[in-house]
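Heads up, the thing below is written out as structure tokens.
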Amino acid sequence: MEHLLVVDHALLNIISVKLKNGFFDFLMPLISNTDFWIVPLLAGWLALLVFGGSKGRKTGLLLLAAVVITDALCGNVLKPLFHRMRPGGGDSFSFPSNHAANMFAAATVVSYFWKKPLVRGAVFALAFAVAYSRVYTMSHYPADVVAGAAAGFLFAVSTITVAGKWNDIMKIKFSCLFSVLKLSSLRAQRARQSRFTSEATSRLLRFARNDLKLLKRHQFFNLRNTVFFVGALTLWRLFLCATLQLHPDEAYYWLWSRHLSLSYYDHPPMIAYFIKATTLFGGAEIWVRLSGVIVSIAISVIAWRLAKQLFNDEKVAAASVWLINMYPLTMAGAILMTPDVPAFLFWALTLYFFWQIVRTGSAAYWYVTGVFFGLGLLSKYTVVLFAPCAVLFLLFTSERRWFKTVHPYLAMLVSVAVFSPVILWNSSNNWISFAFQLGHGMGGQSYSLARFFEYLGSQLMVASPFLWIGGMAAVFIYLFSREKEKVFTAMMSLPIIAFFAYSALKKHGEANWPALAYFGFTFGLAHYFAKSEGVKKLFWQGSLIFCLFISLLLTLHARFGVLPIERYSREAAVIDATNWFYGYRELGAEIQRGQRPDFIMTPSHQLSAQAAYYTGGSIPVLTDRRISRFSQFDLWPEPELSGKSGVYVYVDGDNAGDYASCFSVAGNENILPVMRKGILVRSYRYMRGSGYRGNGQNTENIIK
Numbered sequence: 000m001e002h003l004l005v006v007d008h009a010l011l012n013i014i015s016v017k018l019k020n021g022f023f024d025f026l027m028p029l030i031s032n033t034d035f036w037i038v039p040l041l042a043g044w045l046a047l048l049v050f051g052g053s054k055g056r057k058t059g060l061l062l063l064a065a066v067v068i069t070d071a072l073c074g075n076v077l078k079p080l081f082h083r084m085r086p087g088g089g090d091s092f093s094f095p096s097n098h099a100a101n102m103f104a105a106a107t108v109v110s111y112f113w114k115k116p117l118v119r120g121a122v123f124a125l126a127f128a129v130a131y132s133r134v135y136t137m138s139h140y141p142a143d144v145v146a147g148a149a150a151g152f153l154f155a156v157s158t159i160t161v162a163g164k165w166n167d168i169m170k171i172k173f174s175c176l177f178s179v180l181k182l183s184s185l186r187a188q189r190a191r192q193s194r195f196t197s198e199a200t201s202r203l204l205r206f207a208r209n210d211l212k213l214l215k216r217h218q219f220f221n222l223r224n225t226v227f228f229v230g231a232l233t234l235w236r237l238f239l240c241a242t243l244q245l246h247p248d249e250a251y252y253w254l255w256s257r258h259l260s261l262s263y264y265d266h267p268p269m270i271a272y273f274i275k276a277t278t279l280f281g282g283a284e285i286w287v288r289l290s291g292v293i294v295s296i297a298i299s300v301i302a303w304r305l306a307k308q309l310f311n312d313e314k315v316a317a318a319s320v321w322l323i324n325m326y327p328l329t330m331a332g333a334i335l336m337t338p339d340v341p342a343f344l345f346w347a348l349t350l351y352f353f354w355q356i357v358r359t360g361s362a363a364y365w366y367v368t369g370v371f372f373g374l375g376l377l378s379k380y381t382v383v384l385f386a387p388c389a390v391l392f393l394l395f396t397s398e399r400r401w402f403k404t405v406h407p408y409l410a411m412l413v414s415v416a417v418f419s420p421v422i423l424w425n426s427s428n429n430w431i432s433f434a435f436q437l438g439h440g441m442g443g444q445s446y447s448l449a450r451f452f453e454y455l456g457s458q459l460m461v462a463s464p465f466l467w468i469g470g471m472a473a474v475f476i477y478l479f480s481r482e483k484e485k486v487f488t489a490m491m492s493l494p495i496i497a498f499f500a501y502s503a504l505k506k507h508g509e510a511n512w513p514a515l516a517y518f519g520f521t522f523g524l525a526h527y528f529a530k531s532e533g534v535k536k537l538f539w540q541g542s543l544i545f546c547l548f549i550s551l552l553l554t555l556h557a558r559f560g561v562l563p564i565e566r567y568s569r570e571a572a573v574i575d576a577t578n579w580f581y582g583y584r585e586l587g588a589e590i591q592r593g594q595r596p597d598f599i600m601t602p603s604h605q606l607s608a609q610a611a612y613y614t615g616g617s618i619p620v621l622t623d624r625r626i627s628r629f630s631q632f633d634l635w636p637e638p639e640l641s642g643k644s645g646v647y648v649y650v651d652g653d654n655a656g657d658y659a660s661c662f663s664v665a666g667n668e669n670i671l672p673v674m675r676k677g678i679l680v681r682s683y684r685y686m687r688g689s690g691y692r693g694n695g696q697n698t699e700n701i702i703k
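When we follow numbering that gives the first Met the number 0, the leftmost residue of the sequence shown carries the number 0, and every step to the right adds one.
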């Protein structure tokens, strides 16, 4: 990579310095300036539409689509992803060049329809001139325009391909319609004219059937549309990952990745390993979250293969992939880097290979299942629920024969071996992580129906209300089926949902706790409804549209604030959950303003993690152990900071205690307001002090 950067800088120097001349000094800024050539290009585009005939209109419409798509993806996805600054300075990013991408996209579309060498040469020469001018004026590096040209070409080819496929589909539909109408007409003639031969009728019937087969191949839920959907959703997720600030939980797990360990107080270690792997390439938000996007693609592939094996139906497989990507839970989960990301991946792989045991009867798959089950346990403790789900499935089907063999028990030992780092870490830390999670998930004494209904309400939201109700009906019906495939979908979902429903009777439950259930749940839902007719089909289609609308609306609101909540309730706007993606970058800048502190202290492990991330990870961060809840910070050794100068930060309204007593000399308290859409959503209070006296001791009883 370093060698490529050296070459890139050398080429920039040659083009913008060595080849500099008076003529280019006049010409290149004109070509590079959008205001100079946008009017002629628009005039040419209008001329294509008005005077170009059918071919001109096709060219013009595809030209517009290709340029809009290219400009949006390069400017809103790729540039924030790579975060490269311009050689001549400026506020916007450099890689890739939008000018080059748009011009080469336009040139590709024009050359596709107008194949004369003179036309092709002219449009690509113009595109090359614009790209060269961007380097000459030091607006971009050479690599930026090369990448832009490649991106423009690929996006244009993709646009042309999709448009061509759509045209084919419409032709097939009209052909099918013509065949059916013609057949109806001929049948009427046959009733009137006995001389119409049966041979002609049979030929037309074959013609109609062939067209119907082609139409079936182009049904909505197919592989091509599914790949396009997942691809488009991946680009949207990358954009969100690059532009949304880290959630407090994400910052906390990012801090783990800078202190790798066999396990951690709150969760097993896999989330830290995933973040560490991607942040080797950069420190921006996109790199922290990138593995979540990769995992969403991998889960889509696993879901497709498993659904095909379960029901041998492409429509069910495609519907399963759409569902697993469009739930509000998974739509948000792919852009939030939490332990659910690796847990969901290894859960999916565990279920996939467990089904291979049933499908093939091969004992070898028991050990592969054991490995992925262990990796799932290294991701999140709730993956342990696979064991009772698997046992129930075996008991309720003929696969109970496996209990008479040694393989399930040896596979469990394999899982324990993979999980052993967490066991070792807990054994050397008084089993605090196990104790914390058991108390966190199963604590509480009194039963409460209010908490139970709150849990049900949260599940209606994470999978969207109509799909959840339909899916629960489907897997409950399948629970009593004699077909193993249907029982599999029920047993890999219902026990988990029921377990956390019982837990919610005693203790408040989080909406994402039964998230793993929705992988198996999805296959039952897709199979039950994907090929339905009548009222069921109407319910299915309406539920899908509603779910996708809600999921996209929530992510759009998280990024652009499209819901006018503040118009109806300022209080609701203040507690809007998407506010958690805002305000931390400003806090980091404020902390570093003026004299750089030696450390940062807060009363919250999440706020300390945010302060660490948005100050570049270069300033030590602490939690006020006197008042903060026990966290991983209490297990990390505190650096020697006695007598140093620091900043104490807390959120207005939170308990901060007697923070001034931490310092010999305490300064004045300052306020940093965080505004969103004109509403004050949070205020940070911070105080600079010197002569640090030391931290307190967290006396929370973590072993009980």
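Where a beta carbon is used, it is the ideal one built from N, C-alpha and C, also for glycine.
Extent of the continuous beta strand (DSSP E) run through residue i
{"i": "Pro267", "result": "Note, Pro267: premise wrong, no beta strand (DSSP E); not H, not E."}
{"i": "Met600", "result": "598 to 601"}
{"i": "Leu621", "result": "620 to 622"}
{"i": "Gly645", "result": "645 to 650"}
Segment limits, alpha helix (DSSP H) that includes residue i
{"i": "Arg675", "result": "Run containing Arg675: none in the alpha helix (DSSP H); it sits in the beta strand (DSSP E), 662 to 675."}
{"i": "Arg692", "result": "Neither: Arg692 is in no alpha helix (DSSP H) and is coded neither H nor E."}
{"i": "Thr233", "result": "222 to 242"}
{"i": "Trp346", "result": "339 to 359"}
{"i": "Glu482", "result": "Taken as a continuous stretch (DSSP letters only), Glu482 belongs to no alpha helix (DSSP H), as it is neither H nor E."}
{"i": "Arg569", "result": "569 to 573"}
{"i": "Trp467", "result": "464 to 477"}
{"i": "Ser31", "result": "21 to 31"}
{"i": "Thr107", "result": "97 to 112"}
{"i": "Arg584", "result": "583 to 591"}
{"i": "Ser132", "result": "116 to 135"}
{"i": "Glu532", "result": "Unbroken run through Glu532: none, as it is neither H nor E."}
{"i": "Pro327", "result": "327 to 332"}
{"i": "Ala608", "result": "604 to 612"}
{"i": "His139", "result": "His139 -> no alpha helix (DSSP H), and no H or E assigned at all."}
Straight-line Cα distance separating residue j from residue i
{"i": "Leu245", "j": "Leu18", "result": "44 Å"}
{"i": "Pro141", "j": "Val122", "result": "20 Å"}
{"i": "Leu493", "j": "Cys388", "result": "9 Å"}
{"i": "Asn311", "j": "Phe528", "result": "15 Å"}
{"i": "Ser502", "j": "Trp430", "result": "22 Å"}
{"i": "Phe371", "j": "Ser568", "result": "47 Å"}
{"i": "Ile171", "j": "Asn221", "result": "For Ile171, the predicted model reports a pLDDT of 46, less than 50, meaning its position is unreliable and no value from the coordinates is stated."}
{"i": "Met169", "j": "Gln218", "result": "The predicted model places Met169 with a pLDDT of 48, which falls under 50 and marks its position as unreliable, so this point remains unresolved."}
{"i": "Glu484", "j": "Gln355", "result": "12 Å"}
{"i": "Gly693", "j": "Asn667", "result": "20 Å"}
{"i": "Ser716", "j": "Leu344", "result": "Any question about residue 716 goes unanswered here, given that the chain covers just 0 to 703."}
{"i": "Val298", "j": "Ala347", "result": "Position check: residue 298 holds Ile in this sequence, whereas Val was assumed. Those two C-alpha atoms are separated by around 7 Å."}
{"i": "Pro563", "j": "Phe545", "result": "19 Å"}
{"i": "Phe632", "j": "Trp253", "result": "13 Å"}
{"i": "Pro86", "j": "Ala128", "result": "19 Å"}
{"i": "Val67", "j": "Leu537", "result": "34 Å"}
Beta-ladder partner(s) of residue i, from DSSP
{"i": "Leu679", "result": "Met674"}
{"i": "Met686", "result": "Tyr647, Glu668"}
{"i": "Phe92", "result": "Met84"}
CB contact flag (residue i, residue j, <8 Å)
{"i": "Val664", "j": "Gly688", "result": "yes"}
{"i": "Val461", "j": "Leu328", "result": "yes"}
{"i": "Gly470", "j": "Ser414", "result": "no"}
{"i": "Phe103", "j": "Phe152", "result": "yes"}
{"i": "Tyr135", "j": "Phe23", "result": "yes"}
{"i": "Val292", "j": "Arg236", "result": "yes"}
{"i": "Leu62", "j": "Val118", "result": "no"}
{"i": "Tyr446", "j": "Lys505", "result": "yes"}
{"i": "Ala362", "j": "Asn224", "result": "no"}
{"i": "Leu524", "j": "Leu455", "result": "no"}
{"i": "Leu515", "j": "Val382", "result": "yes"}
{"i": "Ala271", "j": "Ser256", "result": "yes"}
{"i": "Tyr366", "j": "Leu305", "result": "no"}
{"i": "Ile670", "j": "Val573", "result": "no"}
Completely contained alpha helix (DSSP H) runs for the region 351 to 412, where each covers 4 or more residues: The region 351 to 412 contains these whole alpha helix (DSSP H) runs: 363 to 376, 385 to 394.
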